[in-house]
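Before any comments, here is the structure.
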Amino acid sequence: MSEQSFAEKTRAVVQAYYVAFNNCNIDAMVAMVADDVIYDINQGERRQGKNRFHALCARMAHHYHEELKDIVIMVANDGTRAAAEFNICGVYNETEPGLPVATGQKYNLPAGSFFALYGNKITRISNYYNLTDWIMQVSTIQK
Numbered sequence: 003m004s005e006q007s008f009a010e011k012t013r014a015v016v017q018a019y020y021v022a023f024n025n026c027n028i029d030a031m032v033a034m035v036a037d038d039v040i041y042d043i044n045q046g047e048r049r050q051g052k053n054r055f056h057a058l059c060a061r062m063a064h065h066y067h068e069e070l071k072d073i074v075i076m077v078a079n080d081g082t083r084a085a086a087e088f089n090i091c092g093v094y095n096e097t098e099p100g101l102p103v104a105t106g107q108k109y110n111l112p113a114g115s116f117f118a119l120y121g122n123k124i125t126r127i128s129n130y131y132n133l134t135d136w137i138m139q140v141s142t143i144q145k
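What follows is the structure, given as structure tokens:
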């Protein structure tokens with residue numbers, strides 16, 4: 003298989019992952035990751051394994067309703083790495099411990115992700131966004 007074919011396959015996996023995310027299809031998202039997937043977030047703990055990834059996705063779906071827009075995917079020629087830039091358009095529905103109280107606040111946040119893939123499975127996802135910006139958007143200012 004040519005390097006271009008590997009890159010095309012990786013792009014298709016990442017695109018399918020984001021379609022599943024936007025449809026809140028947790029089972030489809032989990033099916034795309036390796037058993038020992040690593041999920042990193044810039045301002046949180048590393049989670050490893052399908053079970054922890056599934057639990058995180060379920061928790062996020064409970065607290066937030068998010069849609070990713072303006073997704074741009076970049077893929078390494080050999081298909082082992084990919085990156086994506088997008089805007090998160092969301093609603094904060096349920097309060098998370100240690101974060102502002104949720105009252106259905108809307109937010110729009112630029113973000114990015116890095117992926118590692120092996121054998122058409124996602125082995126690592128690293129997400130980056132500005133938590134301070136998000137907190138400012140969802141915080142209620144008392145005057």
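In the working numbering, the protein residues as written are 3 to 145.
Using N, Cα and C, we set each Cβ at its ideal position, and we do this for glycine too.
Being a predicted model, the structure only gives us computed values, none of them experimental.
> Is it buried or exposed for Tyr94, if we count other Cβ within 10 angstroms and need 16 for buried?
Replying inline: buried
> In the structure shown, what three-state DSSP assignment does Asn89 receive?
Replying inline: strand
>> As a quick exercise: from Thr125, Asn79, Ala118 and Ala86, pick the residue whose alpha carbon is nearest that of Pro112.
In response: Ala86
> Span of the alpha helix (DSSP H) holding Val32?
Replying inline: Ile28 to Ala33
> CA-CA distance, Leu70 and Tyr20?
Replying inline: 8 angstroms
> Just the Cα atoms here: how many angstroms apart are Ala118 and Ser128?
Replying inline: 9 angstroms
>> Among Gln45, Asn44 and Arg61, whose alpha-carbon lies nearest the alpha-carbon of Val98?
In response: At residue 98 the sequence reads Glu, which differs from the Val that was named. The shortest C-alpha separation from Glu98 is found at Arg61.
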